[in-house]
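Participant: Numbering (the numbering used here), first residue to last: 5 to 302. Please read through the structure below; I'll follow up with questions.
As structure tokens, this is what we get:
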């Protein structure tokens, strides 16, 4: 179905998508205090799947779910499991705003990995932007005596790397498979894999957490629907930068749920990383290269 382009509506849908995903991440952070990271990863996938399936079947029909390239779907599912598992592990100790700031290095990693994995050319200006963005990550992590560098911070970097590789597979899968099949099989494979790996350390679910788990799944599904609408109505180069608005939302959730605010290092690192990412998107627009559509989210 071809929808008429509408920049204003695309922006509204993208802002709504980012808000939903940030709320989902807040739910995962709350669950991480009671359950192992792999179990939360399983819950993330299985809780969103029914809502996503209803949307896909109602909008595109069952034929849209047929996968063409099983190998890439399995790779994306495995990367998704690593991505969300590492992210949830980090959320036990890191504020959401700090985790998001480090995670924003993902677009820079996508640009860097596109050279060896897709054979794309990255010019010197974009390499400089990538390098400056990585400096921003170091500002947040503060390596050295008394610094903040830790296993949780490195786990967010691992999650961002897994996301970047998964985004590369999206560029390959879009040539043969529908976006609906990519979203659904991503959730299915991730949930099955994380669920099996979580069995040895499984913690029984508490009934009191049922509304939180359902809300997390609903927020993730609504975010996926809004994200799809945004990319249908607007150009990727225009709406992709709005993903950085997630930092505003998670600062609000940190303050509302945990009474935390980012420290000065996080603010400084965020400014460097976001500025580098925005410049990178600007150079992609100048070179008429559309950034990949972010079909996955931690």
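Beta carbons are placed, not taken as given, at the ideal position from N, Cα and C, and that holds for glycine. In this text, all values refer to a predicted model and were calculated from it rather than measured experimentally.
(1) Take residue 64 and list the residues in its own chain whose beta-carbon comes closer than 8 Å to its own, dropping the five residues that flank it on each side.
(2) CA-CA distance, residue 14 and residue 231?
(3) If distances are taken between C-alpha atoms only, which option among 11, 186 and 253 comes closest to residue 25?
(4) Return the CA-CA distance between residue 122 and residue 213, expressed in angstroms with no decimal places.
(5) The alpha helix (DSSP H) spanning residue 175 covers which residue range?
(6) Here's a check: name, in chain order, each residue in its chain whose Cβ is nearer than 7 Å to the Cβ of residue 149, leaving out the five neighbours to either side.
(7) Which first and last residues belong to the alpha helix (DSSP H) in which residue 130 is found?
(8) Spatial neighbours of residue 159 within its chain, please: C-beta separation below 7 Å, excluding the five flanking residues on both sides.
(9) Would you say the segment 94-108 touches the segment 243-251, given that touching needs at least three Cβ pairs under 8 Å?
(10) Compare the C-alpha of residue 21 against each of 243, 127 and 270 and name the closest.
(11) What does the alpha-carbon distance come out to for the pair residue 255 and residue 266?
(12) Alpha carbon to alpha carbon, how far is residue 264 from residue 49? Give it in angstroms, no decimals.
(13) Enumerate in chain order the residues of its own chain whose CB-to-CB distance from residue 197 is below 7 Å, with the five nearest sequence positions on each side excluded.
(14) Using three-state DSSP, classify residue 123 as helix, strand or coil.
Facilitator: Result, derived from the coordinates:
(1) If we look at residue 64 and ignore the five residues flanking it on each side, its Cβ neighbours are 182 and 184.
(2) Cα to Cα, residue 14 sits roughly 9 Å from residue 231.
(3) When each option's Cα is compared against that of residue 25, the closest is 253.
(4) Distance between the alpha carbons of residue 122 and residue 213 is about 43 Å.
(5) Where residue 175 is concerned, the enclosing alpha helix (DSSP H) stretches over 155-177.
(6) Caution is warranted here: a pLDDT of 43 is assigned to residue 149, below 50, making its placement in the model unreliable, and the coordinate value is therefore given only provisionally. Contacts found: none.
(7) Residue 130 -> alpha helix (DSSP H) spans 128-145.
(8) The answer, listed in chain order, is 90, 93 and 94.
(9) These segments touch.
(10) Measuring from the Cα of residue 21, the nearest candidate turns out to be 243.
(11) Rounded to the nearest angstrom, the two C-alpha atoms are 7 Å apart.
(12) Straight-line spacing of the CA atoms in residue 49 and residue 264 works out to 28 Å.
(13) The residues are 81, 82 and 85.
(14) DSSP places residue 123 in coil when its eight states are reduced to three.
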